[in-house]
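Novice: Here it is, the structure, as structure tokens.
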């Protein structure tokens, strides 16, 4: 009885320590998000002075008004949604069937193919060969330059393959073959319906990557009408830094100060506008992580 009481006491102490630790982690993760939300509706003067550190002060929605009045923001939004939807569809089209094929032990040369694929994860061609390849394929300054070169991520392919290896039993495949089921029908009508968790996780991984991507657009795109939202956001942030530098030279101080104030408002508002769709979608996808990511990474 005494031993049981000691165990219960130690469990309670562990739970309290665990709760305190998780509470601090929550604050560390949550504070930047709350700060950006408050800064996006606060007077930039209070933000720059450091007097606004949690709750909004001098509430104004001028930033959001200017963001939604900017035509490039809307075109960037439209392009980002297009790249995210089309890119994720292409990623799933190549990753899921490829991972299932590599999970089948009766696939000849499976080890060699997997070795070559993993090799590309550690040794890439580099930026210049990639640019020349995209240019020679005629995809420069087109939508395809952002979609085709990143059609498969090796890390996601390995997670997906491991999911198939651990969750699709060989006996299921054998019984389907006995019933006269072809590999295509087996994959489409049996394997895919059983793989909803890993497909949802892959969709979220690829979708978030496409949504936040801007480097490929810098390299491959020249037409501003094709720019994604993140690249428009980057230009706003860079423009803000340039304005700050010009402020130090003393040229037209009042006009520059006003422009910097507007840039600060827009900067925080665009952060919220660009992140809001992912923040809204994530809670609905979170429950799939327990079945998808954890099961898929048990036997890497």
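In the UniProt record's numbering, the protein residues as written are 1 to 300. C-beta atoms are modelled at their ideal positions from N, C-alpha and C, and glycine is treated no differently.
Which residue comes first and which comes last in the alpha helix (DSSP H) that contains residue 225?
Specialist: Careful: residue 225 lies outside any alpha helix (DSSP H) and carries neither H nor E.
Novice: Mind pulling the alpha helix (DSSP H) runs of 4 or more residues that sit fully within the region 111–185?
Specialist: Complete alpha helix (DSSP H) runs here, min 4: 127–136, 144–147, 154–167, 170–178.
Novice: What separation, rounded to the nearest whole angstrom, lies between the Cα atoms of residue 111 and residue 60?
Specialist: Going from the Cα of residue 111 to the Cα of residue 60 covers about 60 Å.
Novice: Please classify residue 78 as buried or exposed, where buried requires at least 16 other C-beta atoms within 10 Å of its C-beta.
Specialist: Flag for residue 78 reads exposed.
Novice: With distances taken between CB atoms, is the gap from residue 151 to residue 219 smaller than 9 Å?
Specialist: In this structure, residue 219 does not lie closer than 9 Å to residue 151 by Cβ.
Novice: Going by the beta-carbon positions, is the gap between residue 164 and residue 198 smaller than 9 Å?
Specialist: Against a cut-off of 9 Å, the Cβ pair of residue 198 and residue 164 comes out as a contact.
Novice: Count the other CB atoms within 10 Å of the CB of residue 18; is the residue buried (16 or more) or exposed (fewer)?
Specialist: Answer is exposed; the Cβ neighbour count stays below 16.
Novice: Closest to residue 97 by CA distance: which of 206, 187, 273, 282 is it?
Specialist: The shortest C-alpha separation from residue 97 is found at 187.
Novice: Candidates 86, 20, 22, 26: which alpha carbon is nearest residue 211's?
Specialist: Nearest C-alpha to residue 211: 86.
Novice: Assign residue 230 to buried or exposed, taking buried as 16 or more other Cβ atoms, counted over all protein chains shown, within 10 Å of its Cβ.
Specialist: Flag for residue 230 reads buried.
Novice: DSSP three-state call for residue 63: helix, strand or coil?
Specialist: Here residue 63 sits in helix by DSSP.
Novice: Can you grab the Cα-Cα spacing for the pair residue 268 / residue 141, in whole Å?
Specialist: In a straight line, the C-alpha of residue 268 is about 29 Å away from that of residue 141.
Novice: Near residue 103, which residues of its chain fall below 6 Å by C-beta distance, leaving aside the five closest residues on each side in sequence?
Specialist: Here the set comprises 161, 164, 165.
Novice: Looking at chain D, is there any beta carbon in it that lies within less than 9 Å of the beta carbon of residue 29?
Specialist: The structure shown contains no chain D, having only a single protein chain.
Novice: Look at residue 73 and residue 272 and say whether their C-beta atoms are less than 9 Å apart.
Specialist: Not a contact, by the Cβ cut-off of 9 Å.
Novice: Taking the alpha carbon of residue 66 as the point to measure from, which residue in 41, 12, 226, 216 has its own alpha carbon closest?
Specialist: With distances taken between Cα atoms, residue 66 lies closest to 41.
Novice: Are the beta-carbon atoms belonging to residue 159 and residue 194 less than 9 Å from one another?
Specialist: In this structure, residue 194 does not lie closer than 9 Å to residue 159 by Cβ.
Novice: With distances taken from CA atoms, which of 145, 121, 119, 116 is nearest residue 130?
Specialist: Comparing Cα positions, the closest option is 145.
Novice: Quick one: is residue 173 buried, meaning 16 or more other Cβ sit within 10 Å of its Cβ, or exposed?
Specialist: That one is buried.
Novice: Just the C-alpha distance for residue 223 and residue 274, rounded to the nearest angstrom, thanks.
Specialist: If I take the Cα positions, the gap works out to 21 Å.
Novice: Hey, residue 148 and residue 139 are a contact pair by Cβ (cut 8 Å); roughly how many whole angstroms apart?
Specialist: 7 Å between Cβ atoms; contact.
Novice: Can you tell me the Cα-Cα spacing of residue 227 and residue 99, whole angstroms?
Specialist: Whole-angstrom Cα-Cα distance: 32 Å.
Novice: From what residue to what residue does the alpha helix (DSSP H) around residue 199 run?
Specialist: From DSSP, the alpha helix (DSSP H) with residue 199 extends over 196–212.
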